[in-house]
Amino acid sequence: MSVESLSSIRGRMLPMLEVAADQYRHRVPRGYPHVIDTPEQGVIGLEIDSSHALFVTSDGDGLFAEIYRRAPRTDNRAGAGRQKPAGVPFNDRRPLGADATDQDLRNLIADLMSYFNQQPGLLFITDD
Numbered sequence: 000m001s002v003e004s005l006s007s008i009r010g011r012m013l014p015m016l017e018v019a020a021d022q023y024r025h026r027v028p029r030g031y032p033h034v035i036d037t038p039e040q041g042v043i044g045l046e047i048d049s050s051h052a053l054f055v056t057s058d059g060d061g062l063f064a065e066i067y068r069r070a071p072r073t074d075n076r077a078g079a080g081r082q083k084p085a086g087v088p089f090n091d092r093r094p095l096g097a098d099a100t101d102q103d104l105r106n107l108i109a110d111l112m113s114y115f116n117q118q119p120g121l122l123f124i125t126d127d
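Sequential numbering from 0 applies to the sequence shown in numbering that gives the first Met the number 0.
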């Protein structure tokens with residue numbers, strides 16, 4: 000049942016994923032983004048880079064939206080006295096109804112974009 004639901008969501012979400020991939024094509028590492036389009040295997044989605052991805056998956060019974068991201072690395076000098084693991088993967092799995100609206104699907108893509116855009120930039124501290 001949910002494979003059919005995934006196929007119906009695919010028809011609405013795939014154009015959104017392709018537009019998002021085009022918007023990020025020149026802002027991500029070479030080889031990314033990837034649009035995943037395999038509803039027969041139970042997954043569609045978008046990988047912006049190796050640390051940020053959105054997948055809509057089916058386990059045979061239900062649909063889920065999974066947002067994969069990594070915790071940003073922070074400067075150790077700014078967080079003295081507390082431990083913060085850097086680069087820890089985080090997988091946010093949310094149930095997704097077969098009746099999800101286009102706005103719900105756009106919000107999932109916007110969440111992924113927000114996580115990618117809020118990651119800290121790379122700063123190189125040198126001693127001259």
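Beta carbons: idealized from backbone N, C-alpha and C, even for Gly.
Note that the structure is a prediction, hence the values are computed from the model and not measured.
Cα-Cα, which of A70, F115 and L62 is closest to R92?
For the purposes of this step, residue 92 is taken as residue 93 along the sequence shown, with counting starting at 1. Residue L62 is the option with its Cα nearest to R92.
Reference E46, options A19, G59 and P38, closest by Cα
Numbered from its first residue, the sequence shown carries residue 46 at position 47. Taking only the C-alpha atoms, the option nearest E46 is A19.
Beta-carbon separation (whole angstroms), L5 vs V55, contact threshold 8 angstroms:
Position 6 of the sequence shown, counted from the first residue, corresponds to residue 5. Position 56 of the sequence shown, counted from the first residue, corresponds to residue 55. Right, the Cβ-Cβ distance comes to about 7 angstroms (below 8 angstroms), so this counts as a contact.
Specify the secondary structure class of A64 as computed by DSSP and reduced to three states.
Along the sequence shown, read from residue 1 onward, the residue named residue 64 stands at position 65. DSSP places A64 in strand when its eight states are reduced to three.
So, are the CB atoms of G59 and S1 less than 8 angstroms apart?
Position 60 of the sequence shown holds residue 59. Position 2 of the sequence shown holds residue 1. Yes.
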